[in-house]
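Written below as C-alpha cells is the structure these notes are about.
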Amino acid sequence: MAASKKITLASARTIPFDKLVLSQANVRRISHGQTIEQLAEDIAHRGLLQSLCVRPVLDADGAETSLFEVPAGGRRFRALERLVKTRRMTKTAPVPCIVREPGSAISAEEDSLAENAMREQLHPLDQFRAFKALIEAGLSEEDVAARFFVTVTIVKQRLKLASVSETLLAAYAAEEMTLQQLMAFTVSPDHAQQEQVWDAIRQQRYPAPAYTIRQMLTREQVPSSDPRAQFVGTEAYEAAGGSVIRDLFSEEGEGWFKDPALLDRLATEKLQLLAAEVRAEGWKWVEVALHFPYGHKNGLSRVFPEPVLTDEETAARDALRAEYDDLEQQHAGDGDLPEEVDARLAELERAIEAFDARAFRYAPADIAIAGAFVSLDHDGELRIERGYVRLGDLPIESPAAPEGDAAGVPEGETPAVQCVVFTIGGAPQGTEPAPEPDEAETDRPLTERHMMELTTYRTLALREALADDPDAAFLAVLHAMVLRVFHLSGDSCLEITTRSTSPDRSVEGLATFGPATALQSRRDLWAGQLPRQSAALWDFLLGLDADSRASLFALCAGLSVNAMQLPHDSRPAAIAHGHRVAELVGLAMARHWEPTAANFFGKVTKSRILSAVREARGEQAAQLIDHLKKADMAREAERLLAGSGWLPQPLRTPGLDRGALPAADMDHERGTAASEPEARPEALPAFLAAEDGTDPEVGDRGSYAVAAE
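In the UniProt record's numbering, the protein residues as written are 1 to 709.
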C-alpha cells in the first residue's frame with residue numbers, strides 16, 4: 001500500500017509594503033460590514049493578526065519581478081495602505097505574507113474566494129463570553145465597544161445574555177433555538193421561569209416567535225406600548241416608585257411596567273385632572289374612565305357646536321384663505337420662498353387659525369343638558385367626546401296644537417283632560433258622546449289581537465304604496481339611515497339597520513390618511529346642518545333638494561361600508577361584495593396609499609419584500625437588496641417602489657389594479673410632470689455606492705488597484 005502524499009504548506013516571509021500591489025483577482029468588490037478605517041485602527045492597536053496571501057508578479061517574459069500581488073487579504077492591504085498614507089507606518093515596513101509559487105495549480109481567484117467563503121463568523125455566544133472576559137479583566141463597556149467598533153448597546157446586549165439560564169445557553173449552542181428566541185428570555189432574570197417557558201414552547205408543533213416568549217414571561221406586567229403607559233410616561237411612573245423591565249434587544253426600546261396597580265392609579269389621577277378642565281366648561285355631566293366599553297354611547301342623542309362667526313367675519317376668513325391659496329399656488333415650484341412671501345403666509349395662517357378656533361361653539365342651552373366622556377385612545381392620547389345627551393335630559397317636544405279655540409279650549413289655556421284622537425272606521429275615538437244604555441261596553445279599547453290584525457292590513461298597504469313610489473321610498477330609507485348613522489334618538493317604521501363600524505384606532509397613519517380625513521369632513525359638514533331633535537328630521541329631509549338628499553344618502557351608505565378582514569370575523573361573501581362595489585366606483589388605492597417600511601415592508605417576511613420589488617421593478621432590482629438585513633431591506637424596498645403604484649393583494653381592486661398604476665395616472669394623481677424620469681430601479685442603493693462617488697473598482701495604485709472593501 002503506497003504511503004499518502006504529505007501536504008506541503010506555502011512558505012511564509014515578510015515583504016516590504018511598497019513591494020505589494022492589490023490583485024485584480026481579488027473577488028471582494030462590495031463593502032459589507034466593517035470599514036477600512038475601522039480595520040486600520042484595529043491593526044494599529046493590536047498589529048496584523050493574519051498574513052496576506054501573495055503571488056510574485058511576472059513580467060512579459062514570465063520572469064519574476066520585485067513586486068507581489070495580493071489576491072487574498074485585500075481589506076488588510078487597504079488598511080495598511082491607509083496607515084502608510086496617514087504616516088502611522090512606513091512604506092517599507094515588513095508585512096507578514098504567505099507566498100504562493102507562480103506555477104501553482106490553484107488560481108488567484110480561487111484563493112481569494114476560499115479565504116472569504118471558508119471563514120466562519122464568531123458565534124454570538126462566543127462573542128458574549130469574550131466580552132464578559134474582557135469586562136472581568138477590567139475593561140469598561142465603552143472600552144470594549146471602542147476597541148471592536150461596535151456600539152455600547154451591542155456590548156450591553158451581549159452581556160445581557162448572562163441573565164439567561166445555562167440550560168438555555170446550552171440549547172442555543174446546540175442550535176435548538178434561535179438568537180432572537182434567546183434574546184427574548186433576557187426580559188426575566190428568573191431562571192426557573194425561563195426554563196418553564198422553554199419547556200412549554202418545546203412541546204409546541206411550531207417554533208414560538210420571540211414576542212410570544214416575551215409575552216409568556218411578562219404576563220403580570222404592562223407593556224410600554226399600553227395606552228396607560230404612554231399616557232403616564234416612564235419618568236413619572238419611576239418617580240412614583242415604579243420599576244420598568246427594559247428589553248435591550250428591541251429597536252423601539254420596549255419595556256414592561258411591573259406594577260399595574262400603580263400605573264392605573266397614576267393614569268386615573270392624571271385623567272381626572274384633565275377632566276376637571278372639561279367640567280369647568282359647564283357640562284351637565286362628565287364621565288371619566290381609562291377605557292369605556294364598546295357601545296357606551298348607544299341610546300344617547302347628540303348636540304353639535306354651532307357656527308358663531310358673523311357674515312362679515314365669515315367673509316373675512318374666506319378672503320384670508322383665498323389669499324393663502326393664491327400665494328401657495330404662485331410659488332408652488334419655488335425651492336425657497338421669498339422672505340416676504342414666507343412671512344405673509346405665516347401671518348395669514350395665524351389669522352385663519354384664530355378664526356377657526358372660535359368658528360364653532362356649543363350653545364349654553366346644549367351644554368346645560370349634555371355631557372362628555374373623557375378617556376384614553378389607543379395611542380395613550382387624551383380623548384374627549386363632547387355633546388352627548390341622555391334620554392331623560394332631552395327637551396320634551398309638545399305636539400302642535402290647533403290655533404284658537406278650534407279644539408274647544410280658549411287660546412292660551414290648557415284643557416283639564418288631554419287625550420289622543422285617532423279615527424277608526426271614520427268615527428273619532430276619544431270623544432265621549434252619551435252612549436246608548438245598552439251599548440255602554442262598546443267603547444272599550446281594541447284588543448291587542450284586533451289592533452295587530454288592523455295594523456297588519458295597513459303595513460301591507462303601506463309597503464305596496466312605498467314600493468310604487470321610488471321618491472318616497474328613497475326619503476324613508478334615507479330617514480332611517482340618518483337616524484342610525486348620526487346616533488339620533490327616535491325610530492323609523494322601516495326595519496333597516498345601518499351600522500358604521502369604527503376602524504381600529506391603532507392602525508398607523510389613519511389620522512393623516514386622505515380618504516379618512518375627507519370622509520370625516522363630509523360627516524362633520526352634515527352633522528352641523530341636521531336638526532338636533534329627531535322629530536324634526538323628517539321635515540328637514542323633505543325640505544332638501546334632490547341633489548342634497550342624494551349626497552346625504554351616499555354619505556350614509558359610505559359610512560356603513562365594512563370591508564375589513566378580521567381574524568375573528570369570517571365574511572367571505574361580504575368581502576367579495578366589497579370588491580364588486582370597489583370595481584363599480586373605480587377605487588384606485590394607489591392614489592391614496594403607498595407601501596412604506598412602517599405600514600407594510602417592516603411587517604412582512606423578507607421573501608414577501610423581494611416578491612413585491614420583483615413584481616414592481618423587476619428581478620434586477622430585487623437582486624440589489626436580497627442580501628440585506630430585514631430593516632435595511634424594508635427601507636430600500638420603500639425607496640425602490642416609491643411612485644410605482646404597486647399594491648399588496650388585499651388592497652387591489654379586481655379588474656382595475658394589477659400591482660401598479662400606469663405612470664401617467666400616477667403623475668396626474670400626485671401632481672408631478674409625466675415627463676419627469678423615475679428613479680431607475682437598477683440603480684444601486686445609496687448605502688451600496690462608493691462614499692466618494694467614484695468607481696469602487698478604481699483605486700490609486702495604477703492598474704493593480706481594485707476595491708477590496
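Note that the Cβ used here is the ideal one computed from N, Cα and C, for glycine as well.
- According to the DSSP assignment, residue 16 belongs to the beta strand (DSSP E) that extends over 11-16.
- Under a 10 Å Cβ-count criterion, residue 285 is classified as exposed, with fewer than 16 other Cβ atoms of the shown protein chains found around its own Cβ.
- DSSP lists 223 and 245 as the bridge partner or partners of residue 256.
- For residue 66, there is no enclosing alpha helix (DSSP H); the enclosing beta strand (DSSP E) covers residues 64-72.
- The segment 128-143 makes no contact with the segment 93-113: fewer than 3 CB pairs, one atom from each, lie closer than 8 Å.
- Within the same chain, and ignoring the five residues on either side of residue 123 in sequence, the residues whose Cβ sits closer than 8 Å to its Cβ are 173.
- Residue range 166-173 is occupied by the alpha helix (DSSP H) that includes residue 172.
- The beta carbon of residue 587 sits closer than 6 Å to those of 653, all from its chain and outside the five residues before and after it, given in chain order.
- In the DSSP assignment, residue 384 forms a beta bridge with 374.
- Fewer than three beta-carbon pairs drawn from the segment 346-355 and the segment 256-271 are found closer than 8 Å, and the two stretches are therefore not classed as touching.
- Counting every other CB atom within 10 Å of its CB across the protein chains shown gives residue 645 a total of 16 or more, marking it as buried.
- Proximity of the segment 272-283 to the segment 236-244 falls short of the contact definition, fewer than three beta-carbon pairs being nearer than 8 Å.
- With a minimum length of 3 residues, the unbroken runs of beta strand (DSSP E) contained wholly in the segment 255-305 fall at 255-257 and 285-288.
- In the structure shown, residue 591 falls within a helical segment according to DSSP collapsed to helix, strand and coil.
- For residue 98, the enclosing beta strand (DSSP E) covers residues 94-99.
- Around the beta-carbon of residue 627, fewer than 16 other beta-carbon atoms lie within 10 Å, marking it exposed.
- By the neighbour-count definition (other C-beta atoms within 10 Å, threshold 16), residue 479 is a buried residue.
- The three-state reading of DSSP puts residue 482 in helix, counting H, G and I together.
- When only Cα atoms are considered, residue 544 and residue 584 end up about 27 Å apart.
- In this structure, residue 213 and residue 184 form a Cβ contact; the two beta carbons are roughly 4 Å apart against a cut-off of 8 Å.
- Between the C-alpha atoms of residue 572 and residue 222 there is a straight-line separation of about 36 Å.
- Taking each of 194, 153, 28 and 186 in turn and checking the Cα distance to residue 114, the smallest one comes out for 28.
- For residue 53, the uninterrupted beta strand (DSSP E) segment begins and ends at 52-58.
- The DSSP-derived three-state label of residue 22 is strand.
- In this structure residue 523 touches residue 559 by the C-beta definition: roughly 7 Å separates them, less than 8 Å.
- In the structure shown, residue 148 adopts coil according to DSSP, grouped into three states.
- Note that the C-beta distance between residue 303 and residue 368 is not below 8 Å.
- Between residue 95 and residue 39, the C-beta gap is not smaller than 8 Å, which leaves the two residues out of contact.
- Taking C-alpha positions only, residue 621 is separated from residue 606 by approximately 14 Å.
- Scanning its chain for C-beta atoms nearer than 6 Å, with the 5 sequence neighbours on each side dropped, one finds around residue 613 the residues 621, 622, 637 and 640, in chain order.
- In terms of Cβ geometry, residue 648 and residue 600 form a close pair [threshold 8 Å].
- Shown here, residue 360 sits in a strand according to DSSP, grouped into three states.
- The distance from the Cβ of residue 46 to that of residue 97 is about 19 Å, inconsistent with a contact at the 8 Å cut-off.
- Non-local C-beta neighbours of residue 342 in its own chain, meaning closer than 6 Å and more than five positions away in sequence, are absent.
- For residue 116, the enclosing alpha helix (DSSP H) begins and ends at 108-117.
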